[in-house]
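K.L.:
Questions regarding the structure given below will be posed in turn.
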Amino acid sequence: MRCLSCGRWSFRVFCVECTRALFVPEISHRKVGSLEAVSFFPYREIERWILTKHHAAGYRIYRFFAAQIVAPFLHEYRVGDETARVIGIDERVEGGYSHTAVLARYGARRAGLEYRPGALIARNRVHYAGKSLQYRLEHPRDFRYRGEKGGRAILVDDVVTTGSTLAEAHTLLRRYGVEVLFAVTLADAAR
Ligand SMILES: [Zn+2]
């Protein structure tokens, strides 16, 4: 295949040179309510690739991010504690796959953590892009949780913007007695 960035022949979606040049993660922390949200890139830096989630090509790109970025971070965590399970935020399938499920599944698998597919699905299909925090708070995702009660979990999403989605998921999981250790997102729109 060809590297999606430079067009040279490559074994992976991005060649070694582009991986080194484009995707050097810089870990940043942010508080969303009482939840710690970790991100690896300013949103603008990887926006072009984030937006591929609306297309078939996004599947391979999100797998790349899961393997290259999410998994190594989760693996570091796992060295200290192996009991948390990984939950993707709103794993609804659109256009053949769920981009958050790809991130969560391959991130967890490569890190050796448990993963619960489809545990959190939004009942409200509202689109948040370009919407204010006020709008987001007035139109919650209304998540349905289909996982175990109790235990510990790590949330995975592609982008954190206002944090309202993560906060809503966190609140719901706490109602089920799940302790959310932290959230992992690829990009932070506020960076
Ligand atoms: Zn390249």
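Our numbering puts the first residue of the sequence shown at 180, with every later residue one more than the last. Just so you know, even glycine gets a beta-carbon here, dropped at the ideal spot from N, CA and C.
Let me know the secondary structure DSSP gives glycine 286 once reduced to three states.
P.N.:
Correct three-state label for glycine 286: helix.
K.L.:
Whole angstroms are fine: how far does the CA of arginine 242 sit from the CA of threonine 279?
P.N.:
Looking at the two C-alpha atoms, the distance is approximately 10 Å.
K.L.:
If you run the structure through DSSP and keep just helix, strand and coil, what is tyrosine 324?
P.N.:
Three-state result, tyrosine 324: strand.
K.L.:
With DSSP run on the structure shown, which of helix, strand or coil describes arginine 302?
P.N.:
In the structure shown, arginine 302 sits in coil (DSSP, three-state: anything other than H, G, I, E or B).
K.L.:
Which residue or residues does DSSP assign as beta-bridge partners of isoleucine 248?
P.N.:
Partner(s): none; isoleucine 248 has no beta bridge.
K.L.:
Bridge partners for histidine 208 per DSSP, in chain order?
P.N.:
Per DSSP, Val217.
K.L.:
Tell whether a beta-carbon distance below 9 Å holds between alanine 290 and leucine 253.
P.N.:
Contact: yes.
K.L.:
Candidates Lys310, Ala348, Ser277, Cys185: which alpha carbon is nearest glycine 237's?
P.N.:
With distances taken between Cα atoms, glycine 237 lies closest to Ser277.
K.L.:
Rounded to the nearest angstrom, how far is the Cβ of phenylalanine 220 from that of leucine 365, given a contact under 8 Å?
P.N.:
At roughly 6 Å, the Cβ-Cβ gap stays under 8 Å, so phenylalanine 220 and leucine 365 are in contact.
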